[in-house]
Ligand code: RB5
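In the working numbering, the protein residues as written are 5 to 146.
Okay, structure coming up:
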């Protein structure tokens, strides 16, 4: 199960990502927002991240205008490794090296096609499971 959330700045891109998830038969839970009315990105970061920490969902996708605020908020939640990625290399690398469990995107920064490619890579790239990367992730959690 994939958790997805955005503020108003990410709402339109969130709807495109939801369409991608539905087209690919990927189960998801939409934690809002549900329209373009102004709202606060930390609220949606918390909802999505809590669903991951509580193991209701395996990974999350968070979108705000830049992806910056919502990724900062997500990374305050213990156990969350949120990566703001606007290129394909970063999306693959953050899964392989950081075992990132949340992808952050900026709806005012990136085009839909590239965003969906990044989502596809993020969801389909496994963690390397290499000892040096496990050690580094453990140091983050301490
Ligand atoms: C909302 O206007 C905007 O500040 C928000 O979406 C995000 O870009 C914050 O980092």
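No residue lacks a Cβ here, since even glycine has one placed at the ideal position from N, Cα and C.
* To do: Within the same chain, show all residues whose beta-carbon is closer than 8 Å to that of residue 35, passing over the 5 residues directly before and after it, in chain order.
  => Along the chain shown, one-based indexing puts residue 35 at 31. Once the five neighbours on either side are set aside, the close Cβ partners of residue 35 are 7, 8, 9, 48, 51, 52 and 55.
*asked:* Buried or exposed for residue 57, going by 16 or more other Cβ atoms inside 10 Å?
replied: The residue labelled residue 57 in the question sits at position 53 within the chain shown. Exposed, by the Cβ-count rule.
* To do: Kindly confirm or deny that the stretch 94-104 and the stretch 68-80 touch, where touching means at least three C-beta pairs closer than 8 Å.
  => no
Next on the checklist: Tell me which residue opens and which closes the beta strand (DSSP E) that residue 1 is part of.
Outcome noted: There is no way to answer for residue 1, as the model of the chain reaches only from 5 to 146.
Exercise. CA-CA distance, residue 14 and residue 144?
Worked result: Here residue 14 refers to the residue found at position 10 of the chain shown. Here residue 144 refers to the residue found at position 140 of the chain shown. If you take the alpha carbons of residue 14 and residue 144, they lie about 28 Å apart.
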